[in-house]
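Colleague:
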DNA sequence: AGCAAAGGCATAGATAATCTAGGCCTAGAA
DNA sequence: TTCTAGGCCTAGATTATCTATGCCTTTGCT
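Chains as they are written, first to last, in this note's numbering: chain A, 12 to 119; chain B, 12 to 119.
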């Protein structure tokens, strides 16, 4: 992964995390990830919407049509209880793997 | 990624890092990653050898047949100058992306 | 009124990386 | 001699991401 690309396998975790405080619509999820990461990460729409579809099917989020702050018809995504559990689990997995990576990188 | 799985996109970096101090043969690369990560990471052979092939084709490593410590015919892999540059570049990319991820995860 | 730009959802197809599951061979131990 | 661990490798499936679209609406500019 270069420039603004994502690290494969982490997009789901980031989306769930952004949804944790409350419902957010698709487009805004991408914007928040971009802003919160200080422009380091950029989620393409072609990655975002398929990811949201997967999460819907797994039951980690629910979607609801509504109106955005800018007066547009949007789909708000909301974490389910299962989604909350999934987020915790992904965080644990990520932390563990990251620790492994950092061990190798520092001590090799 | 769960249990002992790898984080996609980081295997190349880990292999290059293990090869940095000097030539290592394939099987031993996997063992070292496993050991150095305190058993947190497990590289499957079906991931390892294709990754080494890719790196050979990109010119990041060179391979040479030899005899292992256990008296077996093995292929030692050695970093090239390009491989060394690639390693630095992947480390920078990874650090940048990781910082982005951690920003999102902490501040969302 | 007309048009462009930006906001917004979505899919198809290509690409890439990993895992599963095998195959094959050898040295050394039991 | 037979078994186990060490060792190399590939085929095929799976999964996630990106590129490139298409389409619709609101707002603002001319």
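Backbone N, C-alpha and C define an ideal beta-carbon position, used for all residues, glycine too.
1) As a quick exercise: from A:16, A:118, A:17 and A:23, pick the residue whose alpha carbon is nearest that of residue 70 (chain A).
2) CA-CA distance, residue 99 (chain A) and residue 76 (chain B)?
3) When the Cα of residue 87 (chain A) is compared with those of A:20, A:21, A:19 and A:32, which residue comes out closest?
4) Chain A partners of residue 49 (chain B), CB-CB under 9 Å?
5) Does the Cβ of residue 68 (chain A) have 16 or more other Cβ atoms within 10 Å, making it buried, or fewer, making it exposed?
6) Could you work out which residue in A:60, A:82 and A:107 is closest to residue 74 (chain A) when comparing CA atoms only?
7) To the nearest angstrom, report how far apart residue 78 (chain A) and residue 66 (chain A) are at their CA atoms.
8) Any beta carbon of chain A sitting closer than 8 Å to that of residue 57 (chain B)?
9) For residue 34 (chain A), decide whether its Cβ has a neighbour in chain B, counting only Cβ atoms nearer than 8 Å.
10) Closest to residue 56 (chain B) by C-alpha separation, out of B:37, B:92, B:93 and B:47, would be which residue?
11) Go through the region 50-85 of chain A residue by residue and report every complete run of the alpha helix (DSSP H) that reaches 4 residues or more, in order.
Modeller: According to the structure shown:
1) In the first chain, residue 70 (chain A) corresponds to position 59, counting from 1. Residue A:23 is the option with its Cα nearest to residue 70 (chain A).
2) Residue mapping note: residue 99 (chain A) aligns to position 88 of the first chain, counting from 1. Residue mapping note: residue 76 (chain B) aligns to position 65 of the second chain, counting from 1. One C-alpha to the other measures close to 46 Å.
3) The residue you call residue 87 (chain A) lines up with position 76 of the first chain. When only C-alpha atoms are compared, the closest one is A:32.
4) In the second chain, residue 49 (chain B) corresponds to position 38, counting from 1. Correct list: 110, 111 and 114.
5) Numbered from 1 along the first chain, position 57 holds the residue referred to as residue 68 (chain A). By the 10 Å Cβ count, residue 68 (chain A) comes out exposed.
6) Along the first chain, read from residue 1 onward, the residue named residue 74 (chain A) stands at position 63. Here the closest residue by C-alpha is A:60.
7) Within the first chain, the letter at position 67 stands for residue 78 (chain A). Within the first chain, the letter at position 55 stands for residue 66 (chain A). Their Cα atoms are separated by approximately 22 Å.
8) By one-based count along the second chain, residue 57 (chain B) stands at place 46. It does not: the Cβ of residue 57 (chain B) has no partner Cβ on chain A nearer than 8 Å.
9) Locating residue 34 (chain A) in the first chain gives position 23, counting from the first residue. No, residue 34 (chain A) does not count as interfacial toward chain B.
10) Indexing the second chain from 1 puts residue 56 (chain B) at position 45. Comparing Cα positions, the closest option is B:37.
11) 56-69
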